Amino acid sequence: MRIVVLGGGISTERHVSLVTATSVCKALRSLGHQAIFVDIFLGLEDYAGPLEEAFAAEDGFCGRVAIEKQAPDLMAVVASRKLKSPSRLGKNVLEICQLADCVFLGLHGADGEDGKIQATLDLLGVPYTGSGPLGSAMAMDKAVAKRIMESAGVRTPAWQELCYIREEIPDLVKRLPIPCAVKVVDGGSSLGVALPENREELRDALEELLQYGSRVVVEEKISGRELTVPILDGRALNAIEIVPPEGSSFDYVAKYQSGAEGAKEICPADITAEEQSLLGDAAMRLHKALGLAVYSRTDFILDQEGRAWCLEVNTLPGMTPNSLIPRAAAVEGMSYAQLCEKIVLLSLEKRKDTSC
30 MRIVVLGGGI STERHVSLVT ATSVCKALRS LGHQAIFVDI FLGLEDYAGP
80 LEEAFAAEDG FCGRVAIEKQ APDLMAVVAS RKLKSPSRLG KNVLEICQLA
130 DCVFLGLHGA DGEDGKIQAT LDLLGVPYTG SGPLGSAMAM DKAVAKRIME
180 SAGVRTPAWQ ELCYIREEIP DLVKRLPIPC AVKVVDGGSS LGVALPENRE
230 ELRDALEELL QYGSRVVVEE KISGRELTVP ILDGRALNAI EIVPPEGSSF
280 DYVAKYQSGA EGAKEICPAD ITAEEQSLLG DAAMRLHKAL GLAVYSRTDF
330 ILDQEGRAWC LEVNTLPGMT PNSLIPRAAA VEGMSYAQLC EKIVLLSLEK
380 RKDTSC
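The sequence shown begins at 30 in this note's numbering and counts up by one.
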């Protein structure tokens, strides 16, 4: 098949997306597919040949990328683009997608998980991987997702939605609960998240998060084990436990760096059959309530009393070879390349049903 793997973009998760997309592209090419990587923001600005021949590119335009310790400098990315346009779609992005049998969405964050590219491809009649625009948009917005959790009977920490300006921070510091978690509604990759333990840290967090946006969710901080449950092809896979470095939270560095700085990921998690069932049922219930398709990943805290607290749902979770869904699939005997191809095949089947 001809497959365009979209990645990159100008969200705070750009680096993660680049690794996801190029890894998926290489995996699909290893199975004989004519897969090419296309940065959704930069497009094919360095390719001068006929678009029909782009799928024959020797390296699939993959290049070499890595996840850096720091979040990407998005202003530098914007300045580097040859196409000086307000469009968030790069040169020939839609045109090359229309020539593909399927578009694999290796995107994370804004313009990828928020339903915008899904809606665009739907209008063009182009098949793509994963969930549709509505489910993607609802899951991406943490406040909306919280409401869906509650309506679906999925336990989630007590929360409130805020839209604030800098001048309101002193009053918020006085009245918000401590400790808590403060999250930008459309953040990801542990960026735009703070876990203040006291009011001074809360003030600093509210100041810092304004760089990501003024709309946040403030939720009760639940102590316990961090677990995540992948959904694939209508069923829950083994839960995975994430153990951050001692004395640290599961931040951007812990999530994506290996070695002493990185988090330990245990798959399958050392939990009871009853706990696996509890987590799996909640993840599946939320997957269906949001109207998601093919795959997703739901994050939980399992407290000391055995209660599962849902934190968020990821409709386009990381798909690097070391990401969580590939780890869970490997336990079931599925290679990384086989997983990538399965997502494509399942998505093509789902797209035949216009309700998905």
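A virtual CB, placed ideally from N, CA and C, is assigned to each residue, including glycine.
Every value quoted in this text rests on a predicted model; they were computed, and no experiment measured them.
Provide the residue span of the alpha helix (DSSP H) that contains K379, from first to last.
Residue 379 sits at position 350 when you count from the first residue of the sequence shown. First-last of the alpha helix (DSSP H) with K379: 365 to 380.
For I177, is the classification buried or exposed, using 16 other Cβ atoms within 10 angstroms of its Cβ as the cut-off for buried?
Sequence index remark: in the sequence shown, residue 177 carries index 148 (1-based). I177 comes out buried.
Distance CB(E42)-CB(G135) smaller than 7 Å:
On the sequence shown, position 13 is the one that residue 42 refers to. On the sequence shown, position 106 is the one that residue 135 refers to. Taking 7 Å as the Cβ cut-off, E42 and G135 do not qualify as a contacting pair.
Please work out which residues of its chain come closer than 8 Å, Cβ to Cβ, to N343, disregarding the five sequence neighbours upstream and downstream, and give them in chain order.
The residue given as residue 343 occupies position 314 in the sequence shown. Excluding positions up to five away in sequence, the list reads E142, A168, G217, S325, R326, T327, D328.
Beta carbon of E74 nearer than 7 Å to that of K120
As a position in the sequence shown, residue 74 is number 45, starting the count at 1. As a position in the sequence shown, residue 120 is number 91, starting the count at 1. Yes.
Residue(s) in a DSSP beta bridge with I269:
Within the sequence shown, the letter at position 240 stands for residue 269. According to DSSP, I269 bridges with T257.
Unbroken beta strand (DSSP E) run spanning R336, endpoints:
To locate residue 336, count along the sequence shown from 1; it is residue 307. Counting along the chain, R336 falls outside any beta strand (DSSP E), and DSSP gives it neither H nor E.
Spatial neighbours of L377 in its chain, beta-carbon cut-off 7 Å, leaving aside the 5 residues before and after:
Residue 377 sits at position 348 when you count from the first residue of the sequence shown. C131, P156, listed in sequence order.
Looking at the structure shown, is S325 part of a helix, part of a strand, or coil, going by DSSP?
Taking the sequence shown and counting its residues from 1, the one referred to as residue 325 is at position 296. In the structure shown, S325 sits in a strand (DSSP, three-state: E or B).
Sort L112, D88, I271 by Cα distance to G253 and report the nearest one.
The count along the sequence shown starts at 1 and reaches residue 253 at position 224. Closest option to G253, Cα to Cα, is I271.
In the DSSP assignment, the beta strand (DSSP E) including C131 goes from what residue to what residue?
What you label residue 131 is simply residue 102 of the sequence shown in a count that begins at 1. That run of the beta strand (DSSP E) goes 131 to 134.
Note down the Cα distance separating V107 from G37, rounded to an integer number of angstroms.
Counting from one through the sequence shown, the residue named residue 107 turns up at place 78. Counting from one through the sequence shown, the residue named residue 37 turns up at place 8. Their backbone Cα atoms lie some 12 Å apart in a straight line.
Three-way DSSP call (helix, strand, coil) for C192 in this model:
Position 163 of the sequence shown, counted from the start, is the residue given in the question as residue 192. The answer is strand: DSSP assigns C192 an E or B state.
Examine the Cβ distances between the region 364 to 374 and the region 50 to 60 and report whether three or more of them are shorter than 8 Å.
yes
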